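Here's the structure, in structure tokens; my notes come after.
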Amino acid sequence: MKLRMYFAALGLVLLADSPRIVLAQSNADIELLQQQLAEVQRQRQVETANLANFDDLDFNVYSGQKWDQLGRSHAKDIIVHYPDGSTTKGLDPHIEALKPLFVFAPDHKIVDHPIRIASGNWTAVMGTMTGTFTRPMPSGGGKTIAPTGKSFKLDMVTIGRWEGTTMAEEWLFWDNQTFMKQLGLARQ
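Taking mature numbering (1 follows the signal peptide of the UniProt record, and there is no 0), I'd label the letters of the sequence shown as residues -24 to -1, 1 to 164.
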């Protein structure tokens, strides 16, 4: 029992002497701490707003193919990096890169965001993509791949770098091999 009390007292002494403990010594200290708190609260509001904007992007704009509203979350000169290694620059090229996903799977959508992280001007959001391969898939040169009728459910991640209220750069990640397997276009 005495040993526990000794360690508890030692812990309090170490804690009180810690440089991480900030005690306001003057009105200037209090004012500085209030400014720091206000900045943390402001940043938290920005992060919360970016995540809310992202939720609207995936659940409403993207899933509903409301391409005319994509500018609410994406800058006009956005740079987007895709899972296949390609990159687009600009909102219109990004929209054109997204549209083909809905050609062969018109019911394609994002159904949830089980992980949502924001830090400063960065967001990282995991979503679940679902859909069914019910229409011919364009494969280039005017050729198509016949629909298999198979459904897909795939985890994806978007990392976004925000400038103000829109993303300036976006990285999209999903496993294309798993995607092709679920569509019935690759070996299991």
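Ideal placement from N, C-alpha and C gives every residue a C-beta, glycine not left out.
Predicted, not measured: the structure shown is a model, and the values here were computed from it.
Need the endpoints of the beta strand (DSSP E) that residue i sits in, please.
i	result
Ile42	In the sequence as presented, Ile is not what sits at residue 42; that position holds Lys. Careful: Lys42 lies outside any beta strand (DSSP E) and carries neither H nor E.
Val101	98 to 108
Pro114	113 to 116
Leu130	127 to 139
Thr124	Counting along the chain, Thr124 falls outside any beta strand (DSSP E), and DSSP gives it neither H nor E.
Arg48	Element bounds for Arg48: n/a, residue is neither H nor E.
Tell me the DSSP secondary structure of residue i in three-state form.
i	result
Val79	helix
Val56	strand
Ala144	strand
Gly66	coil
Arg163	coil
Ala73	helix
Measure the alpha-carbon distance for residue i versus residue j and round it to whole angstroms.
i	j	result
Thr24	Gly117	44 angstroms
Val87	Glu146	20 angstroms
Thr124	Asn26	37 angstroms
Gln164	Met105	19 angstroms
Val22	Gly96	8 angstroms
Gln17	Gly66	32 angstroms
Trp150	Val56	14 angstroms
Ser49	Asp5	39 angstroms
Asp44	Gly160	32 angstroms
residue 178	Thr120	Residue coverage of the chain in this structure runs from -24 to 164, which leaves residue 178 outside it and unanswerable.
Would you give the residue range spanned by the alpha helix (DSSP H) that residue i belongs to?
i	result
Arg20	3 to 32
Thr154	152 to 159
Buried or exposed: which applies to residue i, given that a residue is buried once 16 or more other Cβ atoms fall within 10 Å of its Cβ?
i	result
Asn152	exposed
Asp34	buried
Val(-12)	Reliability of the predicted coordinates at Val(-12) is poor, the pLDDT of 43 falling under 50, and the value obtained from them is presented with this limitation in mind. Answer is exposed; the Cβ neighbour count stays below 16.
Gly40	exposed
Leu8	exposed
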